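J.:
Numbering (my numbering), first residue to last: 840 to 1063.
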C-alpha cells in the first residue's frame, strides 16, 4: 500500500528543490541574513506536495527541513520556529502512509510546542491531526473531542485553509461513523469556505489548482 502511495515522480520534487534554491539565491540581497528562507520554502512546498498526494516528494522536502532543524549549527530559535509546523506536516505524512503511531507522536509534539506560545494555527493542525489519527483507530470519542477543538480554534482565527481542511476532517469522521447528515453538513460548510477563497482569487490558474485538489473534490462530493 505504501508503495502505491509513493509513485509520484521524484523529478517533480527535485525541480521544486531547485526552484527553492534559485529563489533563495535571488532573494539573497534582501534576506541574506535569514537562514530560514530556504527551509521555509521547502516546508511550504512539502505541504503542497502532500495535499496533492505526492508523498515521496513531500517526504523529501520535509526531511530536508527536519535535517535543518536537527543541525546543531541551527539556532535554538530556528529549531523552535520550524519544529511546530514540521511536526504537523510530518504527522500528516505519517497518517497518509498509514503509520498511526508516528502520526500520533507528531500530533502530541505539535500540540505541546504550539501550546507554549498559543500558536493557534498550529494548534488547529495538531488537534486536527490528533482527531484524524483517533478516527482512523476508531477511537470515536477521542476523535470527536480533538476535531471539536480544532474546529473551535479554526473558527476563532477564521483561517480559510485551516477551516476547510478541518471541516473536511469532520466530514470524514462523521461519514466513518455512518452519520451521513452530519457528514454532509460539515462538508457543505467546508465547501462554502472554499467557494469564498475561490471568489477572491483573480488568477484563473490558481482557482483551477485549488478546485482540482483531491481534498476539495472530496468535500464537494460529500456535500451533495
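C-beta: ideal position from N, C-alpha, C; glycine also.
This one's a predicted model, so the numbers in the text were calculated from it and none came from an experiment.
(1) Does the distance from the CB of residue 935 to the CB of residue 894 come in under 7 Å?
(2) Which same chain residues, not among the five before or five after residue 929, have their C-beta less than 6 Å away from its C-beta?
(3) Within the stretch 975 to 1060, note down every full alpha helix (DSSP H) run reaching 4 residues or more, in order along the chain.
(4) In angstroms with no decimal places, state the Cα-to-Cα distance between residue 1061 and residue 1023.
(5) Could you tell me the distance, in whole angstroms, from the CA atom of residue 1019 to the CA atom of residue 1013?
(6) Return helix, strand or coil for residue 912, following the three-state DSSP convention.
(7) I'd like the span of the alpha helix (DSSP H) that includes residue 958, first residue to last.
(8) What residue does the alpha helix (DSSP H) around residue 885 start on, and which one ends it?
(9) Is the beta carbon of residue 908 closer than 7 Å to that of residue 918?
(10) Who are the near neighbours of residue 1040 in its chain, counting only those whose CB is closer than 8 Å to its CB and skipping five residues on each side?
(11) On the three-pair Cβ rule with 8 Å, is the stretch 963 to 982 touching the stretch 1024 to 1033?
(12) Among 1059, 1057 and 1053, whose alpha-carbon lies nearest the alpha-carbon of residue 892?
T.: With the structure as the only source:
(1) yes
(2) 901 and 945
(3) 979 to 996, 999 to 1015, 1019 to 1038 and 1043 to 1050
(4) 6 Å
(5) 7 Å
(6) coil
(7) Residue 958 -> no alpha helix (DSSP H), and no H or E assigned at all.
(8) 876 to 890
(9) yes
(10) 1046 and 1049
(11) no
(12) 1053
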